[in-house]
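Chains as they are written, first to last, in the working numbering: chain L, 1 to 279; chain H, 280 to 558.
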């Protein structure tokens with residue numbers, strides 16, 4: 001029994017990319033909320049991290065990844081990296097004929113809905129903070145909201161070192177977050193895909209009255225809506241023998257696989273290394 | 280008055296490269312010990328760090344940098360990065376017609392001279408530790424020496440965050456170094472060019488009886504010898520109007536400049552960004 005043209009279009013995978021492993025928290029949420037969708041994930045492990053790099057470099061790297069994902073016949077792309085979303089999304093949207101969404105807009109939207117006192121905090125990489133993009137999106141939607149951003153450069157290395165529950169992580173988190181507590185924010189956006197891994201530590205320091213927003217959840221919701229609006233939803237779970245999830249990296253596949261298996265409930269059998277700078 | 284051919288050859292600069300800013304500690308030592316020599320420094324700030332990447336990727340990146348440095352007419356090249364020295368030096372030496380030295384051999388040699396009890400510790404990036412290169416060099420020179428290596432992935436981000444004198448750095452250093460203390464090493468190689476910046480913290484934890492070896496010092500000495508042996512020493516300090524030191528990076532020149540000026544006594548006026556992946 002053959003598929004109709006429409007079924008073939010809808011059967012194509014979602015492309016998800018990140019500078020490394022952080023975007024797996026977004027992939028995980030897509031797997032949970034959209035179980036019928038296939039995913040092609042790319043992690044740029046040869047050039048990670050993006051958060052300390054310039055707009056030009058991040059845009060160039062993101063463009064190469066989008067070109068690679070298009071060779072995989074994706075029906076939509078998720079920039080599951082706040083830095084790439086902040087620096088490169090506008091240009092990528094203009095250049096690319098498949099729909100692309102980032103993690104920043106969904107996160108900003110959720111924070112506006114969550115805040116009661118109009119004071120939103122954003123923690124992110126240096127690059128995302130410098131871009132001022134959360135501030136811009138939030139102000140565009142509600143100019144009465146105050147946004148306070150704080151770069152937390154040590155969070156990514158602490159997460160990658162596995163210190164998710166550790167007094168050192170608590171100590172560093174306390175230093176970074178004190179000024180956000182002092183100004184009385186009631187909502188905090190976890191503006192880097194690594195940060196949900198230390199959500200517990202951040203929550204302990206911020207206290208129960210502060211709502212933590214994980215853009216991964218909102219991004220998966222927005223993707224669902226986007227697929228629906230474009231008639232691109234997969235109507236059924238791909239059958240046995242179909243590769244539901246595929247993983248590509250630019251370096252060190254073994255290390256990626258190990259980290260991925262600590263984040264995803266779905267076990268990754270392998271990740272394939274590709275030469276991303278050729279795209 | 281024109282220069283002789285030999286003077287022109289000797290007047291060419293030394294190429295020094297690193298994945299980022301760490302190699303500046305080696306450049307600083309070359310400036311100090313070889314004040315007559317010009318330097319062209321390259322920091323691969325678009326692809327930093329190397330310490331978590333694979334041999335293939337580090338070799339490819341190092342090869343591109345060597346090609347770039349050769350366009351700058353260098354008379355010798357210093358791989359001022361332990362990871363590049365560990366993974367790429369053998370291949371680069373074979374491919375390149377100017378002499379190349381790394382930081383690993385000089386550091387290993389100095390440690391063998393320093394140890395009294397034959398127990399040497401090495402702290403370095405994951406990549407350098409995985410390569411086993413310090414162990415190999417030391418054993419080749421003295422098979423009775425015991426070498427204990429320990430990867431310290433958080434040291435680079437802590438240094439880059441500026442926490443050179445900080446209880447958190449002390450706490451992390453204590454965790455990493457305890458097992459080296461327990462086995463009774465009397466000599467410790469600072470096997471990553473960032474580590475001399477937290478030498479004081481490392482020294483406090485190891486205690487006064489442990490000799491800390493900074494390969495930067497030995498590397499500059501070995502470079503001096505190499506230039507002498509090849510008749511390539513510059514006989515006099517370059518005159519006014521000559522660009523004594525030039526700095527190139529692959530990204531974020533401003534940030535590099537700021538960091539460089541905190542390390543070097545010589546003030547850097549500017550660093551030029553080049554597209555290293557074109558080489």
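Glycine residues also receive a C-beta, built at the ideal position from the N, C-alpha and C atoms. It should be emphasised that the depicted structure is a prediction, and the values quoted were computed from it without experimental measurement.
Counting along the chain, the unbroken beta strand (DSSP E) around residue 492(H) starts and ends at 490-492.
When the five nearest sequence neighbours on each side are left out, the beta carbons in the same chain lying within less than 7 Å of the beta carbon of residue 503(H) are those of 312, 313, in order along the chain. Rounded to the nearest angstrom, the gap between the Cα atoms of residue 61(L) and residue 533(H) is 20 Å. Here residue 316(H) has 293, 513 as same chain residues with Cβ atoms under 6 Å from its own Cβ, once five neighbours each way along the sequence are excluded. Interface residue (Cβ-Cβ distance to chain H less than 9 Å): residue 47(L) is classified as such. Residues are counted here when their Cβ sits less than 9 Å from a Cβ of chain H; for the region 162-191 of chain L these are 163, 167, 168, 171, 172, 175, given in chain order.
For the C-beta of residue 54(L), the chain H residues within less than 7 Å are, from N- to C-terminus, 530, 531. Rounded to the nearest angstrom, the gap between the Cα atoms of residue 87(L) and residue 248(L) is 22 Å.
At a cut-off of 9 Å, the C-beta of residue 26(L) has no neighbouring C-beta in chain H.
Measuring C-alpha to C-alpha distances from residue 137(L) to each of 117(L), 107(L), 164(L) identifies 107(L) as the nearest. In the DSSP assignment, residue 105(L) falls within the unbroken alpha helix (DSSP H) covering 104-114. Under DSSP, residue 41(L) forms a beta bridge with 16(L), 247(L). For a cut-off of 8 Å, the C-beta gap from residue 388(H) to residue 46(L) is around 32 Å, too long to register as a contact.
Per DSSP, residue 428(H) is one residue of the beta strand (DSSP E) stretching across 425-430. In this structure, the alpha-carbon of residue 243(L) lies about 14 Å from that of residue 74(L).
Between residue 318(H) and residue 501(H), the alpha-carbon positions lie close to 16 Å from each other. Residue 467(H): member of the beta strand (DSSP E) spanning 466-469, first to last residue. In this structure, residue 305(H) sits near residue 494(H), with a CB-CB distance shorter than 9 Å. Remark: C-beta atoms of residue 296(H) and residue 320(H) approach each other more closely than 9 Å. Leaving aside the five residues that flank residue 395(H) on each side, the residues in its chain whose CB is nearer than 7 Å to its CB run, in chain order, 465. Boundaries of the beta strand (DSSP E) around residue 400(H): 398-403.
Interface annotation, residue 277(L): in contact with chain H, CB-CB separation under 9 Å.
Inter-segment contact for the region 480-499 of chain H and the region 369-388 of chain H is present: three or more beta-carbon pairs are separated by less than 8 Å. DSSP, read as helix, strand or coil, puts residue 334(H) in helix. Annotated three-state conformation of residue 354(H) is coil, per DSSP. Approximately 5 Å separates the beta-carbon atoms of residue 451(H) and residue 433(H); this is inside 8 Å, confirming the contact. Contacts with chain L at 9 Å (Cβ-Cβ) do not include residue 308(H). Counting along the chain, residue 140(L) sits inside the alpha helix (DSSP H) bounded by residues 133-141.
Contact between the region 123-134 of chain L and the region 142-153 of chain L is present: 3 or more CB-CB pairs across the two stretches fall below 8 Å.
Contact of residue 66(L) with chain H is not assigned, every C-beta pair being separated by 9 Å or more. Look at the region 404-434 of chain H: the residues with a C-beta under 7 Å from a C-beta of chain L are 432, 433.
Excluding sequence positions up to five before and after residue 351(H), its CB lies within less than 6 Å of the CB of 319, all in the same chain and listed in chain order. In the three-state scheme derived from DSSP, where H, G and I count as helix and E and B as strand, residue 273(L) is classed as strand.
CA-CA distance, residue 174(L) to residue 149(L), rounds to 15 Å. Taken atom to atom, the span from the alpha-carbon of residue 550(H) to that of residue 541(H) is near 15 Å. For residue 255(L), a Cβ of chain H is located within less than 9 Å of the residue's own Cβ.
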